[in-house]
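Participant: Numbering (this note's numbering), first residue to last: 14 to 152. All C-beta atoms in this analysis are idealised placements derived from N, C-alpha and C, irrespective of residue type, glycine included.
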């Protein structure tokens with residue numbers, strides 16, 4: 014996405030919202046026209062999508078730093094953690110989930126069988142009590 018064509022697609026064609034987001038879901042039918050309009054209009058104009066266009070490059074640029082976090086797992090491994098994981102996630106798969114489960118000693122995991130990368134859009138109803146319970150325990 015950091016190439017000129019990627020920048021063009023994100024800024025001018027809202028590629029991340031129009032193409033990537035629906036593909037990252039377990040069931041794209043949850044993205045009703047009203048929900049898609051919200052995502053499309055959040056950065057309504059191409060010049061407002063600079064951050065969206067820069068984001069993928071920043072993730073890639075931070076690869077070394079992100080990798081270095083695993084060098085000091087004690088800095089995060091005992092912290093209370095709630096993982097809400099869609100098993101149809103194409104960006105992060107079961108092997109990443111298993112690593113998190115292995116590395117985190119104070120973790121509560123909820124897996125959603127027919128959900129992809131955006132559980133908050135795909136299965137919002139069961140998430141609210143899970144989040145409330147977790148936040149109530151970790152204040």
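Is the Cβ-Cβ distance between residue 109 and residue 90 less than 8 Å?
Facilitator: Not closer than 8 Å, so no.
Participant: Let's test the definition: count the other Cβ atoms within 10 Å of the Cβ of residue 130 and tell me whether it reaches 16, buried, or not, exposed.
Facilitator: Its Cβ being crowded by 16 or more others within 10 Å, residue 130 is buried.
Participant: How is the beta strand (DSSP E) around residue 105 delimited, first residue to last?
Facilitator: It is not in any beta strand (DSSP E) - residue 105 carries neither H nor E in the DSSP assignment.
Participant: With 16 as the cutoff for other CB atoms within 10 Å, does residue 56 come out buried or exposed?
Facilitator: Buried, because 16 or more other Cβ atoms sit within 10 Å of the Cβ of residue 56.
Participant: Grab me the residues of residue 102's own chain with a C-beta within less than 6 Å of its C-beta, minus the 5 sequence neighbours each way, in chain order.
Facilitator: The answer, listed in chain order, is 129 and 130.
Participant: When you compare only the Cα positions, how much space is there between residue 32 and residue 99?
Facilitator: Distance between the alpha carbons of residue 32 and residue 99 is about 19 Å.
Participant: Beta carbon of residue 106: closer than 7 Å to some heavy atom of the ligand GDP?
Facilitator: With respect to small molecules bound, the structure shown includes none, and the ligand GDP cannot be examined in it.
Participant: If we call anything under 8 Å between Cβ atoms a contact, is residue 143 one with residue 123?
Facilitator: Against a cut-off of 8 Å, the Cβ pair of residue 123 and residue 143 comes out as a contact.
Participant: When the Cα of residue 38 is compared with those of 105, 150, 151 and 111, which residue comes out closest?
Facilitator: When each option's Cα is compared against that of residue 38, the closest is 105.
Participant: Between the C-alpha atoms of residue 62 and residue 25, what's the straight-line distance to the nearest angstrom?
Facilitator: Rounded to whole angstroms, residue 62 to residue 25 spans 8 Å at the Cα level.
Participant: On the DSSP bridge list, what partners appear for residue 147?
Facilitator: None; residue 147 has no bridge partner.
Participant: Residue 36: buried (16+ other C-beta within 10 angstroms of its C-beta) or exposed?
Facilitator: Exposed, since its Cβ has fewer than 16 Cβ neighbours within 10 Å.
Participant: Identify whether residue 25 lies in helix, strand or coil by the three-state DSSP scheme.
Facilitator: It is helical.
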